[in-house]
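Visitor: Sending over a structure as structure tokens; questions will come in a sec.
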Amino acid sequence: MNVIITGASRGFGKSIAEIFAANGHNLYISSRNDVGLYKAMEELTTRFPEVTIKAKPFDLSIKEQVKDLGNWILESGISIDILVNNAGSFEPGSVYNEPEGTMENMMAVNFYSAYHLTRLLIHRMMAQRSGHIFNMCSIASLQAYKNGGAYSISKFALAGFSKNLREEMKPHGIKVTAVYPGAAYTDSWAQSGIDSQRIMAADDVAKMIYAASQLTAQACVEDIILRPQLGDV
Numbered sequence: 134m135n136v137i138i139t140g141a142s143r144g145f146g147k148s149i150a151e152i153f154a155a156n157g158h159n160l161y162i163s164s165r166n167d168v169g170l171y172k173a174m175e176e177l178t179t180r181f182p183e184v185t186i187k188a189k190p191f192d193l194s195i196k197e198q199v200k201d202l203g204n205w206i207l208e209s210g211i212s213i214d215i216l217v218n219n220a221g222s223f224e225p226g227s228v229y230n231e232p233e234g235t236m237e238n239m240m241a242v243n244f245y246s247a248y249h250l251t252r253l254l255i256h257r258m259m260a261q262r263s264g265h266i267f268n269m270c271s272i273a274s275l276q277a278y279k280n281g282g283a284y285s286i287s288k289f290a291l292a293g294f295s296k297n298l299r300e301e302m303k304p305h306g307i308k309v310t311a312v313y314p315g316a317a318y319t320d321s322w323a324q325s326g327i328d329s330q331r332i333m334a335a336d337d338v339a340k341m342i343y344a345a346s347q348l349t350a351q352a353c354v355e356d357i358i359l360r361p362q363l364g365d366v
């Protein structure tokens, strides 16, 4: 099985890559940070030498590079079994005062990257009549919050995309799952001063995604919602 993961050099993406590699699946991973990406690939290859792991950096805030990533996958000739649209970015602010261009930046990374990459790869999945797409949304996709601004709006857009895609892909044998994680201990939270025991581990999210990927063809987990045990931070 081949698993494509964006934003895979750290955080959720790296944890997702680890659990799939540990269970014998081949990885095709990408992120904007080339140094971090190749370091992750080297680490994963050392730990899981029995699987194929390929990596290539792309800046998915740029539409042309999203297309380059899609074409890299298509030209490899592999079956596209699982696509994890995990690339994302967070810029805090409010609609009324966030810097000019914040909305465009958030939409480009958090929504358009998934939209354009999926559109490139979906036709091969439709021809296969199989595959599973995971879109990394957020609790911010379900509930607006103070200082969420453009970030939350972009994640609402990704959630809407997931719901529409789910309906469209039902007759083609392709599953679509929207993932809504709350606060988890990734690089984004490491500098926040929040006790790591107060929030989730990135592995918690990875484990749920992997479990959802292992069901029979007759079952689809449409939504995965995870929050810290004590609630949102």
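Plus 133 on top of the position in the sequence shown (first one is 1) and you've got the working numbering.
Virtual Cβ for every residue (Gly too), placed ideally from N, Cα, C.
Give the secondary structure of phenylalanine 267 by DSSP, where H, G and I count as helix, E and B as strand, and everything else as coil.
Guide: DSSP places phenylalanine 267 in strand when its eight states are reduced to three.
Visitor: Please determine, among Leu275, Leu216, Glu355 and Lys172, the residue with the shortest C-alpha to C-alpha distance to histidine 94.
Guide: Examination of residue 94 is not possible in this model, given that the chain is present from 134 through 366 alone.
Visitor: Check this for me: beta carbons of asparagine 268 and asparagine 218, under 7 Å apart or not?
Guide: Their beta carbons are under 7 Å apart, which means asparagine 268 touches asparagine 218 by this criterion.
Visitor: Kindly identify the DSSP beta-bridge partner or partners of methionine 333.
Guide: Answer is Ala317, bridged to methionine 333.
Visitor: Could you say which of Ser222, Asp214 and Phe289 lies nearest to histidine 256 if we only look at CA atoms?
Guide: Looking at the Cα atoms, Asp214 is the closest of the given residues.
Visitor: Which residue from Met333, Leu363, Lys308 and Ala317 puts its Cα closest to that of alanine 345?
Guide: Looking at the Cα atoms, Lys308 is the closest of the given residues.
Visitor: Pick out whichever of Ala350, Asp201, Arg180 and Glu151 has its Cα sitting closest to the Cα of arginine 262.
Guide: Of the candidates Ala350, Asp201, Arg180 and Glu151, the one whose C-alpha sits nearest the C-alpha of arginine 262 is Ala350.
Visitor: Please state whether DSSP places leucine 193 in a helix, a strand or coil.
Guide: In the structure shown, leucine 193 sits in coil (DSSP, three-state: anything other than H, G, I, E or B).
Visitor: According to the neighbour-count rule (16 or more other Cβ atoms, all chains shown, within 10 Å of its Cβ), is valine 168 buried or exposed?
Guide: Exposed is the call here.
Visitor: For alanine 141 and lysine 196, I'd like the C-alpha separation in whole angstroms.
Guide: Taking the straight line from one Cα to the other gives about 18 Å.
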